[in-house]
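The block underneath contains the structure these notes are about, expressed in structure tokens.
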Amino acid sequence: MQFISFKWITGDKSPVSVLLVFLFLIFVTGTLIFYIFLLSGSIIFDISVSEMLLPFGERQIDNIWEIRYLQVSQQLSFFLLPALLMILLYRKSGLNFRLIDGRVGIKEFFLVFILAIFTMNLTIWTGLLNSKIELPQVLSGVEEWIKEKEEEAAGITGLLLKNERNMDYLITIFVLAVIPAVCEELIFRGVFQQIVGMFFRSKHLPVWITAIIFSVIHLQFYGFLPRIILGLIFGYLFLWSGNILIPIAAHFLNNFLASTLHIVNGLFRYDKGSIEEQDVSFSAFPLLSVIVVAIILYIFWRDYKKKRIIGI
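Residue numbers for the sequence shown follow this note's numbering, so the first one is 32 and each next one is one higher.
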């Protein structure tokens, strides 16, 4: 596939130029693609585009497939397709986004599985802490807006997690676990983290900056700290494994476990009414989770150092 006509775009490989192209693909190209999805959706579900864009609380949604369609459309438009375009556009210009730069096997995926289990408890605990944060009175308007967004997100997630048949559960896992894991890891770790790395010599700053942006972009204040934790874990997994499949697997397992637990017994909620009654002490189990997560990340770091020494 040739991109000769796009050489005027990809010819300048300076960090600022690459970042600007990246932002253009997300905000301009992504918006255009999403609008095409909206037009298609308006035909499929027999509703207007403006109605599809209304906030969740301002309209009645009777068709669960409409929500699934919108969720997948957003992921494809703003995450997956811009990421793939960046990779393809710059592939011929000498700037390669390294996605599979390291060999991984059963050992690495097994470690990711254990990591996901203990990370689950860690994110629940930090979510409880996050819910205790009170914004200053001067930001009361911001807090109200945050609560509205939280309720809207909770309502959408609640509808997506309603499963009356086994097939509904599989579709839910696809929409909430498979699609986000692939799309978000490609755009954040596969592309954005590497672009940020062009600005700094430090290997840690890109991981932290990407993790913060990853959390902010979800617009869920009560999940801000847990998502930073997840973003850091995914970022370091990618840095130290050199293989995008590892953070994708970790992201998938996290969303899969969270969705499944929510379906089984209604866990994984951060609403303040129920959380304020819970004791958020530094108990032994969160401490155990921190230790296990740290040990597994250390193993990835150790293997990363070994590969650098022997030149793999």
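Don't be surprised by glycine CBs; every beta carbon is placed ideally from N, CA and C.
Source: prediction; values computed, not measured.
Under the three-state reduction of DSSP output, Asn274 falls in the strand class. Rounded to the nearest angstrom, the Cβ distance from Pro46 to Ile226 is 7 Å, consistent with a contact under 8 Å. Contact check for Glu215 against His293 fails: the beta carbons are separated by 8 Å or more. When rounded, the separation of the alpha-carbon atoms in Pro237 and Phe231 is 8 Å. In the displayed model, Ile78 falls within coil according to three-state DSSP, outside both helix and strand. Its chain contains Lys44 as the residues whose beta carbon lies nearer than 6 Å to that of Leu126, once the 5 sequence neighbours on both sides are disregarded; these appear in chain order. Here the stretch 97-109 makes contact with the stretch 205-225; the two share three or more CB pairs at distances below 8 Å.
Under a 10 Å Cβ-count criterion, Gln168 is classified as exposed, with fewer than 16 other Cβ atoms of the shown protein chains found around its own Cβ. When C-beta atoms of the stretch 245-261 are compared with those of the stretch 139-148, fewer than three pairs fall below 8 Å, so the two segments do not count as touching.
A distance below 8 Å between beta-carbons, with the five flanking residues on each side excluded, links Phe65 to the following residues of its chain, in chain order: Ser104, Gln105, Ser108 and Phe109. Excluding five sequence positions before and after Ile57, the CB atoms of its chain that fall closer than 7 Å to its own CB belong to Phe109 and Pro113, given in chain order. Within its own chain, the residues whose Cβ lies closer than 8 Å to the Cβ of Ile243, once the five positions on either side in sequence are excluded, are Ile259 and Gly262, listed in chain order.
Counting only residues of its own chain and dropping the five nearest sequence neighbours on each side, Pro278 has a CB closer than 6 Å to the CB of Glu216, Arg220, Phe265, Leu268 and Phe269.
When the alpha-carbon of Ile75 is set against those of Glu97, Phe55, Lys163 and Glu82, the nearest one is in Glu97. Spanning the alpha carbons of Asn197 and Gly228 requires a straight line of approximately 43 Å.
By the Cβ-count criterion, Leu111 is buried, with 16 or more other Cβ atoms from all chains shown falling within 10 Å of its own Cβ.
For Lys234, there is no enclosing alpha helix (DSSP H), as DSSP marks it with neither H nor E. For Phe53, same chain residues with a beta-carbon under 8 Å away, outside a window of 5 residues either side, are Pro113, Met117, Val222, Phe223 and Ile226 in chain order. Listed as beta-bridge partners of Ile57 by DSSP are no residues whatsoever. A distance below 6 Å between beta-carbons, with the five flanking residues on each side excluded, links Leu284 to the following residues of its chain, in chain order: Ala147. If you look at Gly158, you'll find it in the alpha helix (DSSP H) that goes Ile137 to Ser162. Within the same chain, and ignoring the five residues on either side of Ser233 in sequence, no residue has its Cβ closer than 6 Å to its Cβ. At the C-beta level, Gly189 and Pro257 stay beyond 8 Å of one another. With respect to the C-alpha of Ala280, the residue from Phe140, Leu318, Tyr335 and Gln102 having the closest C-alpha is Phe140. In the structure shown, Ile131 adopts extended strand secondary structure according to DSSP, grouped into three states. Taking 8 Å as the upper bound for CB-CB distance, Ala208 and Phe287 are in contact here, some 4 Å apart.
The DSSP-derived three-state label of Gln225 is helix. Counting along the chain, no alpha helix (DSSP H) covers Val169, and no H or E run does either.
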